[in-house]
Amino acid sequence: MLKDIRVSCSPHISERLSTRSVMIDVIIGLGPAMAAAGYYFRIHALILICTCVISSAATEWFCNLIRKKPSSLDDFSAVVTGIILALSLPPMLPVWTAVVGSVFAVAIGKMVFGGLGANIFNPAMVGRTFLTASFGVLMTSWTVPATIDGSMPAIAQENIVNAKTQATPLAWSKLAIKNKLGADIYSEEQFKATFTGEVGGSLGETSVIALLMGGLYLLIRRTINFHIPLAVLASAFVFATIAYLIDSYAYVQPFFHLCSGGLLLCAFFIATDPVTSPLTRRGMWIFGIGVGTITMLIRIVGEYPEGVMFSILLMNAVTPLIDRLCKRIPMGGKPSVQ
Amino acid sequence: MKYVGAKGRFTFPGGTHPPEKKDLTRDKEIQRGPAVTEVAVMLSQHIGAVCQPLIRKSDAVQAGQKIGDCDAFVSAPVHSPITGKVTEIALRSHPVLGRSLAIVIGAFPYSPTKWSSFTLKDDFDENNYSAGQICEAVREAGIVGMGGAGFPTRVKIEPNPQLPKETLIINGCECEPYITCDYRIMLELTDKIIAGVKLARRASGCSRTIIGIEDNKPEAIEAMNRALKKFGDSDGIKVVPVKTKYPQGGERQLIKAILKKNVPTGGIPPMIGVVVLNVATVAAIAEAVISGFPLTHRVVTVTGEAIARPGNYNVPIGMSVENLIEFCGGVTQKSAKVVLGGPMMGIAIADLKTPIMKTTNAITVLTKEQIGRAKFARRQTACIRCGRCLRVCPENLNPTKIAHAVKYNLLDVAERYYMSACIECGCCSYVCPANIEVTGYIKTGKIFLARQKKKVPG
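Protein sequence lines, in the order shown, are assigned to chains B and W. The first sequence begins at 95 in the numbering used here and counts up one residue at a time. The second sequence begins at 830 in the numbering used here and counts up one residue at a time.
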């Protein structure tokens, strides 16, 4: 009866995991954030997310064509890059800018290095940094969420009377540092608003609850390890607390920092990108602490109100070094018998 | 009677949980294998020097007669399982060595196999035998590690003044999916195991004895405890249930779980005063010392969804895989994978005339559907550096780094990341989402490195 005997190397069974299933898990984790973006910024969210995903996929397809390699679109990594890039863009960004950003992100951030697994820097962050450097004005024009005012007017920087038409929480905390305002003035109201997401900001970073839900999903599914998110948030918290204790007039309270801006998006979705973060647990801690500290450094001491993209890129650059320094020793110790 | 709880609390870091699939043969009692017309006893069945044949073509041999031996210290003789005539000394397929010499014996008609009928008397006292006697009997019977490694047992249990042995661990874990031969031996040959444990303890001079069994075998744990109670446990043999996880049955992992000690990388357990023996080996020791039977038969689990009649069979060593599969009703599908051993560490063979050896504990036949879902057949992507292989590695290595170093022929980098410490358990390949054959690369790397260092020809 047996006609065809197969042979291969052991093991002969395996878990039902694939690169695509890992990426799909991340997409599901980003689901609540995308839903919140759609709720607060309406059609613009949909336009931006679709634009970024389609341009990322098209760029990857085209790059594979040039490289004469088989199409790698079915591992869904271009989709994830597109979604994360879209969620870090301001809601009213013109479509052409988003396309340019996506093309740069995938082509220079990933394909030039050799495709998935070979890139050093997080492609989405490469795209965003490029856009911030090249189209600074477009990238810092924020709007009021549609639930507050359906026409979504641009956010005024100086108006302090009406909290709802205030600048994004981080821009406003930057003003406080430069001593134009006191940090304690109605920070509470803004702080509460960040939980649901009724604040200005980029598409994906406004709603804390949505991001936490997604992050929890990823942790439960074991798609990400808890080390990096914990390290990022804990080190950011420590740094912000130190600043707050030094001068509580100029610096906002630490939980405000944790809940505003892209820190949660970064901690759960961007810093945990497996390709660009260290392999070992100890390395993950070092990476996370670096990201959190540098982000806070830029937010508090630096010129930009948001520091996530730079801190990620800086720590990505150091990741191969971290991997080398944190080498694992086998259970039986280093071999003494050669 | 010391019994450390029903749920295994002891474990080691890393490891995975492949589906157990032991229900296929769990409740099948050990049956006698078929009568054979021909056996091919391999001369190289163990770690150590190869045996030289002691007989020539056309010689008549008796069942239990020694037919191959060697003078080297690390070696073990081989015996004929049947009465018959030597037809030839020829090459047969060996799962690891490719092709290797075997003594082919054709059975005389009407010569029934002499099965041992062994009952342990209540007044059994291992002190009736001296340590030297036990070691000599173990050597003459050709006993090697029957858990799969095949290390000559006499060398393992003999007392060595430079490396004194304090703890004897009996390995009843059987962590691989599908395999149940050790489990059935623990249920049915319990007395033999207890006798063998006591003899091994006497020979090696160990002061502490522990029997480690995974907690998915509660009946076996109970059976062993009952037998220990019956034979008086004042000497303190402990049965310790350990957490069910693959590869708990690896000796380094078992020592880590029970004693919380690490065997040095590149070293052996006697370096920390421990000896680990498989339950089947221990039963064979009892057989050899008490009734003088050499190792000529062993229990093999024939299993897998593609086998018509799976079960546990006591078969003569040297019987071909083909004969045994036929006896079990044959393979029910047109294409399958025949694995000697379990699905995680077993070796897939192409030549079904491969003879069963002392270290063959199972024949697992995997269906086409299972083959399709496994590593080899699914699409591979580049390594996404997710780190899952690092999480599950029981030896705390960096499997992806080693595998990619081998892939790009950087064997010195692979060595620097401790490639030689890999136990080839297969956990890394099992969990890889990018479908990379991580274990395969590491195994290949080890062979390339050995060739480079001129240790093996090639």
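Glycine included, every Cβ here is placed at the ideal spot set by N, Cα and C.
Using the Cβ count rule (16 or more neighbours within 10 Å means buried), how would you classify residue i?
i	result
B/L352	buried
B/I322	buried
W/K1163	exposed
B/V255	Legend: pLDDT at B/V255 = 49, less than 50; position of this residue unreliable, value from coordinates given subsequently. Exposed, by the Cβ-count rule.
W/Q1077	buried
W/I1146	buried
B/Y134	buried
B/A340	The sequence shown places Ile at residue 340 of chain B, rather than the Ala named in the question. Exposed, since its Cβ has fewer than 16 Cβ neighbours within 10 Å.
B/W236	buried
B/F433	There is simply no residue 433 of chain B to check, as chain B begins at 95 and stops at 432 in what is shown.
B/G384	buried
B/A180	buried
W/E1080	buried
B/A325	buried
B/K428	exposed
W/Q1199	buried
Expressed to the nearest angstrom, what Euclidean distance is found between the alpha-carbon atoms of residue i and residue j?
i	j	result
B/S371	B/R222	18 Å
B/S405	B/G386	8 Å
W/N1225	B/H106	22 Å
B/G294	B/D169	33 Å
W/P1223	W/G843	5 Å
W/G1096	W/A1032	22 Å
B/G355	W/Y1247	43 Å
B/E397	B/L111	44 Å
B/F362	B/G309	5 Å
B/M128	B/M378	27 Å
W/A1191	W/K1046	18 Å
B/G211	W/C1254	25 Å
B/P185	W/E1134	56 Å
W/P848	W/G1175	16 Å
B/F320	W/S1036	44 Å
W/T1009	W/T854	6 Å
B/K163	B/P424	37 Å
B/Q444	B/K286	As displayed, chain B neither begins before 95 nor continues past 432, which places residue 444 of chain B out of reach and without an answer.
B/D119	W/R1220	19 Å
W/G924	W/V1168	The sequence given here places Pro at residue 924 of chain W; Gly does not occur at that position. Computed Cα separation, rounded: 10 Å.
W/F937	W/R921	22 Å
B/I148	B/V173	8 Å
W/H846	B/T366	25 Å
W/S1258	W/G1274	15 Å
Start and end of the alpha helix (DSSP H) containing residue i?
i	result
W/Y958	Taken as a continuous stretch (DSSP letters only), W/Y958 belongs to no alpha helix (DSSP H), as it is neither H nor E.
W/N1091	Taken as a continuous stretch (DSSP letters only), W/N1091 belongs to no alpha helix (DSSP H), as it is neither H nor E.
W/P1070	Here W/P1070 belongs to no alpha helix (DSSP H); instead the beta strand (DSSP E) covers 1066-1071.
W/A919	Unbroken run through W/A919 is the beta strand (DSSP E), 913-923; no alpha helix (DSSP H).
W/E1151	1150-1156
W/E867	Counting along the chain, W/E867 falls outside any alpha helix (DSSP H), though it belongs to the beta strand (DSSP E) covering 867-871.
W/I1176	Where W/I1176 is concerned, there is no enclosing alpha helix (DSSP H), although the beta strand (DSSP E) it sits in stretches over 1176-1178.
W/K1236	1228-1236
W/Y1270	1267-1281
B/Y311	302-314
B/M128	113-161
For the beta strand (DSSP E) holding residue i, just list the boundary residues, first then last.
i	result
B/V293	From DSSP, B/V293 is part of no beta strand (DSSP E); its letter is neither H nor E.
W/N1289	No statement about residue 1289 of chain W is possible, as the shown extent of chain W runs from 830 to 1287 and does not include it.
W/N1000	996-1000
W/I1039	1037-1043
W/R928	927-936
W/V1194	1191-1196
W/D898	895-898
W/K1166	1164-1169
By the criterion of Cβ-Cβ separation under 8 Å, what are the contact partners of residue i in chain A?
i	result
B/A212	The question asks about chain A, but that chain is absent: this structure's protein chains are B and W.
Interface positions of the segment 303-325 of chain B facing chain W (Cβ-Cβ less than 7 Å), listed along the chain: Cβ contacts with chain W come from no residue of the segment 303-325 of chain B.
Residue ranges of each alpha helix (DSSP H) run of no fewer than 4 residues wholly in the segment 1098-1126 of chain W, ordered along the chain? The segment 1098-1126 of chain W contains these whole alpha helix (DSSP H) runs: 1108-1120.
Residues of the segment 1188-1201 of chain W in Cβ contact with chain B at a cutoff of 9 Å, in chain order, please. Listed in chain order, the positions of the segment 1188-1201 of chain W with a beta carbon within less than 9 Å of a beta carbon of chain B are T1193, V1194, L1195, K1197, Q1199, I1200.
Could you run through the segment 1085-1103 of chain W and flag, in chain order, every residue whose CB is less than 9 Å away from some CB of chain B? For the segment 1085-1103 of chain W, which is checked against every Cβ of chain B, the residues closer than 9 Å are K1085, N1091, V1092, P1093, T1094, G1095, G1096.
To be precise: take each residue of the segment 216-236 of chain B, compare its Cβ to all Cβ atoms of chain W, and keep it if any distance is under 7 Å. Which residues remain? Here the close residues number zero.
Please name the residues in the segment 113-139 of chain B whose beta-carbon is closer than 8 Å to at least one beta-carbon of chain W, in chain order. Of all residues in the segment 113-139 of chain B, T113, S115, V116 have a Cβ within less than 8 Å of some Cβ in chain W.
Give the residues from the segment 418-430 of chain B that approach chain W closer than 9 Å (Cβ to any Cβ), ordered along the chain. If the cut-off is 9 Å between Cβ atoms, the segment 418-430 of chain B has K421, R422, I423, P424, M425, G426, G427, K428, P429, S430 near chain W.
Cβ-based contacts, 9 Å cut-off: residues of the segment 1174-1185 of chain W near chain B: Of all residues in the segment 1174-1185 of chain W, M1174, G1175, I1176, A1177, I1178, A1179, D1180, L1181 have a Cβ within less than 9 Å of some Cβ in chain B.
For the segment 197-243 of chain B, which segments carrying the alpha helix (DSSP H) assignment without a break, of at least 4 residues, lie completely within its bounds, in sequence order? Qualifying alpha helix (DSSP H) stretches, in chain order: 217-228, 230-233.
Contact set between the segment 163-175 of chain B and chain W, restricted to residues whose Cβ is under 9 Å from the partner: For the segment 163-175 of chain B, which is checked against every Cβ of chain W, the residues closer than 9 Å are S166, D168, D169, S171.
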